[in-house]
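S.K.: Got a structure for you, written out below as structure tokens; questions coming shortly.
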Amino acid sequence: MIKTPEPPQKTVELIGAWQMESSTIDGKPKTVSECTLKETIVFTEKTIERLSFKKRDGKCSYEKQDLLTYTLSGNTFTTKDGTTTFTITEG
1 MIKTPEPPQK
11 TVELIGAWQM
21 ESSTIDGKPK
31 TVSECTLKET
41 IVFTEKTIER
51 LSFKKRDGKC
61 SYEKQDLLTY
71 TLSGNTFTTK
81 DGTTTFTITE
91 G
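So for the sequence shown, UniProt numbering puts the first residue at 1; every next one is plus one.
In structure tokens, the structure reads:
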């Protein structure tokens, strides 16, 4: 019996540092703040680290760093904070 290999997990495609360029919800483009565009999300095989910024005195300043573990099944991303279904596209 020949077993068909499982497709590779998408986790490998996520590993690295990411920044948002745009947001679309229900097919409609949404405005993204200057500070949100500076946020960086770093994926490893098991963790996600979010570096967030907040506007202070007219400038985006580093606010905090969150570190969470996650699981990925297809395009469903789950952390202790909940579950999100997403699509990532490269520009």
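Ideal placement from N, C-alpha and C gives every residue a C-beta, glycine not left out.
Note that the structure is a prediction, hence the values are computed from the model and not measured.
Just to confirm, are residue 15 and residue 45 a CB contact at a threshold of 8 Å?
M.R.: In the sequence shown, the residue the question calls residue 15 occupies position 15. In the sequence shown, the residue the question calls residue 45 occupies position 45. For residue 15 and residue 45, yes; Cβs fall inside 8 Å.
S.K.: Grab the span of the alpha helix (DSSP H) containing residue 24 for me, first residue to last.
M.R.: Position 24 of the sequence shown holds residue 24. Note, residue 24: premise wrong, no alpha helix (DSSP H); beta strand (DSSP E) at 23-25.
S.K.: Taking 7 Å as the limit between beta carbons, can you name the residues of its chain near residue 55, skipping five residues before and five after?
M.R.: The count along the sequence shown starts at 1 and reaches residue 55 at position 55. Around residue 55: 35.
S.K.: Would you mind working out which of 72, 42, 83, 65 sits nearest residue 52, comparing C-alpha positions?
M.R.: Counting from 1 along the sequence shown, the entry for residue 52 is found at position 52. Ranking 72, 42, 83, 65 by Cα distance to residue 52 puts 65 first.
S.K.: Sort out for me which residues DSSP pairs residue 49 with in a bridge.
M.R.: Translated into positions along the sequence shown, residue 49 becomes position 49. In DSSP, residue 49 forms a bridge with 42, 67.
S.K.: Nearest-angstrom Cα distance between residue 18 and residue 41?
M.R.: Counting from one through the sequence shown, the residue named residue 18 turns up at place 18. Counting from one through the sequence shown, the residue named residue 41 turns up at place 41. Those two C-alpha atoms are separated by around 5 Å.
S.K.: Taking only the alpha-carbon atoms, compute the straight-line gap between residue 78 and residue 67 and give it to the nearest angstrom.
M.R.: Translated into positions along the sequence shown, residue 78 becomes position 78. Translated into positions along the sequence shown, residue 67 becomes position 67. Computed Cα separation, rounded: 13 Å.
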